[in-house]
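Worksheet: the structure to be examined is printed underneath.
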Amino acid sequence: SAVISQKPSRDICQRGTSLTIQCQVDSQVTMMFWYRQQPGQSLTLIATANQGSEATYESGFVIDKFPISRPNLTFSTLTVSNMSPEDSSIYLCSVAPTVQETQYFGPGTRLLVL
Amino acid sequence: GENVEQHPSTLSVQEGDSAVIKCTYSDSASNYFPWYKQELGKGPQLIIDIRSNVGEKKDQRIAVTLNKTAKHFSLHITETQPEDSAVYFCAARKLTGGGNKLTFGTGTQLKVEL
Chain A
1 SAVISQKPSR DICQRGTSLT IQCQVDSQVT MMFWYRQQPG QSLTLIATAN QGSEATYESG
61 FVIDKFPISR PNLTFSTLTV SNMSPEDSSI YLCSVAPTVQ ETQYFGPGTR LLVL
Chain B
1001 GENVEQHPST LSVQEGDSAV IKCTYSDSAS NYFPWYKQEL GKGPQLIIDI RSNVGEKKDQ
1061 RIAVTLNKTA KHFSLHITET QPEDSAVYFC AARKLTGGGN KLTFGTGTQL KVEL
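So the sequences go chain by chain: A and B.
For the first sequence, position 57 matches number 57 in the working numbering, and the numbering has no gaps at all.
To convert, count from 1 in the second sequence and add 1000; that's the working numbering.
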């Protein structure tokens, strides 16, 4: 399976600021996804990161709040904009080598907003 | 859309006993069911998966069973060990169409006691 890294691994931020999270894969993958996992909860899909085009957002998530970039087949970023304490969560990147194959997750970014 | 229910939310077993976690899904078109293990401070790790053309799959101490008619699938862990303690998530998706989107269950906190 692919080796996935995320930066930063954790951060503490002030409300009103923005944080960009990076996801790097050691091989080219067709699909990259961003999830949010609130404390003690399950995983919620934020968006599918599309290479060379705008991300596809799930209901309840908007581009202005969670802008996503995917410049190539091994890298993506998620920005959490204008943060509030409710954005405190684990943000997870996942990848699938092809549309058919299963998803593999990165280690996550633990975000605390004060 | 798909809805996945998972039970129990917490499960405590003695070391060496078996553990069973059950999930039900709503969309009869779903045909791929992975299970993830999430240890504290880490991202979810794929431990086993099953496709709808198979009724059971086994990998050492871990097995998954699928009942397509009843739309439920289960994770079985035998001879549990302390390192099995983690949160387990089931998920469901369609292998074709659906854009590789996973729908997750709510998670089961498994604690293996000495």
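Note that beta-carbon positions come from the ideal geometry of N, C-alpha and C, so glycine has one too.
Quick caveat: nothing in here was measured; it's all calculated off a predicted structure.
How long is the line joining the alpha carbons of phenylalanine 33(A) and leucine 45(A), rounded to whole angstroms? 7 angstroms
Residues in the same chain with beta-carbon distance under 7 angstroms from phenylalanine 61(A), minus the five sequence neighbours each way, listed in chain order, please. Ile46, Ala47
If we define contact as Cβ-Cβ less than 8 angstroms, is alanine 165(A) a contact residue for chain B? Missing from the structure shown is residue 165(A); chain A here goes from 1 to 114 and no further.
Given that methionine 31(A) touches chain B, what residues does it touch there, using C-beta distances under 7 angstroms? Taking the beta carbon of methionine 31(A) as reference, the chain B residues within 7 angstroms of it are Asn1100, listed in sequence order.
Name the residues in the segment 40-61 of chain A whose C-beta lies less than 7 angstroms from a C-beta of chain B; which are they? Ser42, Leu43, Leu45, Thr48
With a 10 Å radius around its C-beta and 16 neighbouring C-beta atoms as the bar for buried, classify leucine 1114(B) as buried or exposed. Exposed is the call here.
Can you find a C-beta in chain D that's less than 8 angstroms from the C-beta of valine 80(A)? Within the model displayed, chain D is absent; protein chains A and B are what it includes.
Who are the neighbours of glutamine 100(A) on chain B, taking C-beta pairs under 7 angstroms? Leu1095
Could you tell me which residues DSSP pairs with lysine 1058(B) in its beta bridges? Ala1063(B)
For asparagine 72(A), three-class secondary structure by DSSP: Strand.
Threonine 1116(B) and aspartate 1017(B) look like a contact to me (Cβ under 8 angstroms); what is the Cβ gap, rounded to whole Å? It is not possible to answer for residue 1116(B), since the shown part of chain B is limited to 1001 through 1114.
Which chain A residues are close to threonine 1106(B), counting only those with a beta carbon under 9 angstroms from its beta carbon? Gln41, Ser42
May I ask you to list the residues that DSSP assigns as paired with isoleucine 21(A)? Beta bridge pairing from DSSP links isoleucine 21(A) with Leu78(A).
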